[in-house]
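To keep things clear, I will list the structure first and then write my remarks on it.
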Amino acid sequence: MEGNVSWDSEFRITLDGNGNRIIAGNALPDHPTGIFPIQRGSIAFRYDGNPNIISEHEVYYVLPAMPKVAQLPACVFFGPSGISLSGSAIYHGASTLGNDAAAHEMLDRFGGHTDGTERYHYHFPAPDLQDHIHPHSAGHSALMGYMLDGFGIYGPYGEDGALLSSADLDECHGHTHPVLWDGELVELYHYHWTYDFPYNIGCFKGTPQ
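In short: position in the sequence shown from 1, add 148, done, that's the working numbering.
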């Protein structure tokens with residue numbers, strides 16, 4: 149879709165030394181977005197008349213620095229399921245109508261758009277977003293963000309650089325093997341963004357905050 153709008157993003161991640169990861173910011177992305185509301189007369193408006201603006205939201209999450217798998221998975225909810233390293237929210241793959249959001253709604257080149265809460269967010273792992281966070285050349289995808297149970301979400305490439313699909317992952321859209329975590333290789337459960345629906349989290353493997 150059209151547009152190249154810049155934003156004054158604020159985003160900080162710190163470890164407090166007491167086992168917590170503190171994530172704070174204003175929910176605005178550190179990259180340009182398309183124009184929202186989608187403009188009347190544009191090609192995009194023929195398919196999606198999204199009338200919503202993008203506005204700031206307070207982001208403040210206290211997540212476990214070393215998250216643990218819960219006894220039972222927890223259901224995902226509408227709204228933010230996680231936060232991208234770009235500073236903006238990650239939503240699960242379904243729209244409020246229960247369909248495939250990336251297939252039925254207009255996204256900008258970073259795979260983002262806004263909604264009735266005026267929060268810019270992603271469903272789909274657009275290549276421009278991946279390249280913006282960390283260009284992939286080979287091997288396992290880099291960390292792209294944190295879900296609200298504290299586990300990381302990585303791009304669509306798994307061990308040995310294999311491109312993953314949802315079928316390669318469990319019901320929560322993740323698996324366990326060694327990954328780079330705070331500068332160290334750690335055997336840890338983690339999520340992946342994939343190119344097929346539901347794209348990211350299917351349930352919380354840990355306990356959402």
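By construction, the Cβ of each residue, glycine as well, lies at the ideal position given by its N, Cα and C atoms. What you are looking at is a predicted structure, and each value in this text was computed from that prediction instead of being measured.
Short Cβ contact (8 angstroms threshold) for S236 with G259: In this structure, G259 does not lie closer than 8 angstroms to S236 by Cβ.
field: Through-space distance from V334 to L328, alpha-carbon basis
entry: 6 angstroms
- prompt: In whole angstroms, what separates the C-alpha of I281 from that of M292?
  reply: Going by C-alpha positions, I281 is about 7 angstroms away from M292.
message: Would the stretch 297-317 count as touching the stretch 334-352 if we require 3 or more Cβ pairs under 8 angstroms?
response: yes
Enclosing beta strand (DSSP E) for H325 [first to last residue]: 322-329
- prompt: According to the neighbour-count rule (16 or more other Cβ atoms, all chains shown, within 10 Å of its Cβ), is R267 buried or exposed?
  reply: buried
query: Can you tell me whether Y339 is buried or exposed, with buried defined as 16 or more other CB within 10 angstroms of its CB?
result: buried
- prompt: Grouping DSSP H, G and I as helix and E and B as strand, with all else coil, what is F352?
  reply: strand
field: Nearest residue (CA-CA) to N348, options D248, N152, R188
entry: When D248, N152, R188 are compared, the shortest CA-CA separation from N348 is found for D248.
message: Can you find the residues in the same chain that come closer than 7 angstroms, C-beta to C-beta, to I231, ignoring five residues on each side of it along the sequence?
response: Once the five neighbours on either side are set aside, the close Cβ partners of I231 are I171, V207, Y209, A237, I238, G293, Y294.
- request: Output the distance between the C-alpha atoms of A113 and G165, rounded to the nearest integer angstrom.
  value: What the structure shows of the chain is the stretch from 149 to 357, and residue 113 is not part of that stretch, so it cannot be assessed.
Closest Cα partner of G322 within the set Q278, P304, D330, P356: Nearest in C-alpha terms to G322, of all of Q278, P304, D330, P356, is P304.
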